[in-house]
Amino acid sequence: MSSVSRGRGTTTAIQVLSTIVLATGLTVAPQALTPGHPASAADVSCTTYSVSTYVFEPATSSNAASKRVLHKYMEWGPKSPDTDLLDTLYTASLPMTSKVFTGGGNGIIYEATGGGQVKSYKDNTATGGSLLTPVKTYSFNWSSAKQILANGHWILVIASDGTMDVYKQSSPDSGDGTITKVMDGAKSSVTSAIADADDAWMINSAVQWLKDGTIQQAAVTSLPPGPANLPPAPASG
16 MSSVSRGRGT TTAIQVLSTI VLATGLTVAP QALTPGHPAS AADVSCTTYS VSTYVFEPAT
76 SSNAASKRVL HKYMEWGPKS PDTDLLDTLY TASLPMTSKV FTGGGNGIIY EATGGGQVKS
136 YKDNTATGGS LLTPVKTYSF NWSSAKQILA NGHWILVIAS DGTMDVYKQS SPDSGDGTIT
196 KVMDGAKSSV TSAIADADDA WMINSAVQWL KDGTIQQAAV TSLPPGPANL PPAPASG
């Protein structure tokens, strides 16, 4: 495996996705991203764990039919933002018009296609399978979203004007549940700031965003009018 170093100071055209985070630069947003996986189940004293990080590399062509590469890296026992990423050499290709975000853990990856669908995948590379094993296709059109953030249960879809739709995934661990819309067109100073951010991501119940080198944070429950307190809307996907 080769390794890649990262720090917080510089932005690039690469998108970095962890199991919780979507970042616009390889050098941005190294957080405590996902529950650790023991290196050895038999050794209960072992504290080494791994974090998967998915890099959606920039397009190499302006042709709308061209592809972008999704590349999997690993961190072993990350302790700081400067921990090296180890290249697993696992890759997959997706249309350059797609938006990609992770589902909050367990190797669930989502693709919002340019054609108006949302597809969920499972990373099965740990068991010898594909990086993008198809799980389910939903009929939501998020192709025009400015930011899509997810922590597993909640998916926040934010438009360029700062309006936010909130969805709930009934089976976040498998990515094959019902996605239900629970909020439509909410807007506040926080959602507008997220829409205008250089980068945004979710960590558990917090939303964080980066603007001009400064990271800010808000609790999901503080977003108008508090998605965690809303009753489920009729399912539509």
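For my numbering, add 15 to where a residue sits in the sequence shown, where the first one is 1.
Where is the CB? At the ideal position from N, CA and C, for every residue including glycine.
It should be emphasised that the depicted structure is a prediction, and the values quoted were computed from it without experimental measurement.
Sequence-distant residues of the same chain with beta carbon closer than 8 Å to residue i, five excluded per side
i           : result
residue 157 : 114, 127, 133, 163, 172
residue 168 : 119, 183, 184, 187
residue 153 : 132, 133, 134, 135, 194, 252
residue 206 : 173, 177, 178, 179, 238, 239
residue 217 : 35, 36, 119, 164, 165, 166, 169, 171, 223, 235
Sequence-distant residues of its chain with Cβ nearer than 6 Å to residue i (five each side left out)
i           : result
residue 232 : 221, 223
residue 160 : 172
residue 122 : 137, 138
residue 191 : 150, 151
residue 170 : 182
residue 239 : 201, 203
residue 110 : none
Closest residue to residue i among the options (Cα-Cα distance)
i           : options            : result
residue 139 : 72, 124, 170       : 124
residue 229 : 208, 131, 77       : 208
residue 200 : 206, 143, 90, 178  : 178
residue 91  : 195, 68, 110, 149  : 68
residue 106 : 175, 194, 148, 203 : 148
residue 225 : 237, 211, 189      : 211
residue 213 : 102, 189, 175, 142 : 175
residue 145 : 108, 205, 101      : 108
residue 135 : 237, 141, 189      : 189
Neighbour flag for residue i against chain B, beta carbons, 9 Å
i           : result
residue 183 : Chain labels in this structure do not include chain B; a single protein chain is all it has.
Near the ligand ATP: residue i beta-carbon under 8 Å from a heavy atom
i           : result
residue 100 : This structure simply doesn't include the ligand ATP, nor any ligand for that matter.
Those residues which DSSP pairs with residue i across a bridge
i           : result
residue 86  : 70, 106
residue 116 : 125
residue 233 : 222
residue 149 : 136
residue 77  : DSSP lists no partner for residue 77.
Buried or exposed (CB count within 10 angstroms, at least 16 for buried), residue i
i           : result
residue 58  : Note on residue 58: pLDDT 40, under 50, position unreliable in the model; no value is reported.
residue 227 : exposed
residue 117 : buried
residue 81  : exposed
residue 234 : exposed
residue 104 : exposed
residue 75  : exposed
residue 166 : buried
residue 141 : exposed
Own chain partners of residue i with C-beta closer than 7 Å, once the 5 adjacent residues on each side are dropped
i           : result
residue 112 : 79, 129
residue 131 : 156, 158
residue 72  : 29, 83, 84, 86
Q: Enumerate, from N- to C-terminal direction, the unbroken beta strand (DSSP E) stretches of 3 or more residues contained entirely within the region 151-225.
A: 162-165, 169-173, 179-184, 194-201, 214-218, all fully within the region 151-225.
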